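So the structure is just underneath, and the comments pick up after that.
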Amino acid sequence: MLTLANLGYVMSDVASDGFMVWIAHREPIQKRGKTQTLIYSANKLRQVFINLLILVGFSGLMINCPGYQPDPAIPCTTDPRIMSRTEFAPNHLLDWCYRTCLDATFDWDISIPDFALIIAFINISSIPFYCR
Numbered sequence: 001m002l003t004l005a006n007l008g009y010v011m012s013d014v015a016s017d018g019f020m021v022w023i024a025h026r027e028p029i030q031k032r033g034k035t036q037t038l039i040y041s042a043n044k045l046r047q048v049f050i051n052l053l054i055l056v057g058f059s060g061l062m063i064n065c066p067g068y069q070p071d072p073a074i075p076c077t078t079d080p081r082i083m084s085r086t087e088f089a090p091n092h093l094l095d096w097c098y099r100t101c102l103d104a105t106f107d108w109d110i111s112i113p114d115f116a117l118i119i120a121f122i123n124i125s126s127i128p129f130y131c132r
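Per this note's numbering, the sequence shown starts with residue 1, numbered consecutively.
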């Protein structure tokens, strides 16, 4: 599945570069290069923003602490595969999943669906930059 996603990304990237060349050939000499600069600058700015979002958003408890549970009403899991990945399970059998591990940088997280919505918003909001 990931291979097909990468193939689709490469195909769309190559198609957009080809379209960029097509646009460049139809621009007046005085304006030539401004469209490419605008589109590639917006693309690189978006990549920087997404990388910062990944760095900050996925450095929290839910992603980096295996088995972490923020709600004390829900009991900790007894799955040995998850318990073996945390440093708290051997010493704190009943409340290990409510403790903050050292791998988490922040006390908050961004969920995968929220991250997908943010990426969709960025992609949709960048469409006007391509339609000039």
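In this text, a Cβ means the ideal position worked out from N, Cα and C, and glycines have one as well. Since we're looking at a predicted model, the values are computed, not measured.
Using the beta-carbon count (16 or more within 10 Å), is Phe88 buried or exposed? buried
Less than 9 Å separating the beta-carbons of Asp114 and Gly60? no
May I ask you to report which of helix, strand or coil DSSP gives Ala120? helix
Can you check the region 46–70 for any alpha helix (DSSP H) of at least 4 residues that lies completely inside it and give the ranges in chain order? 61–64
Since Cys76 contacts Cys97 with CB under 8 Å, what's their CB separation in whole angstroms? 4 Å
Between which residues of its own chain and Arg85 is the CB-CB distance below 8 Å, once the five residues before and five after are set aside? Pro66 and Gly67
On the CB-based measure, 16 or more other CB atoms within 10 Å of its CB, does Gly8 come out buried or exposed? exposed
Please work out which residues of its chain come closer than 8 Å, Cβ to Cβ, to Ser41, disregarding the five sequence neighbours upstream and downstream, and give them in chain order. none
Determine the burial state of Gly33: buried for a count of at least 16 other Cβ atoms within 10 Å of its Cβ, exposed for fewer. exposed
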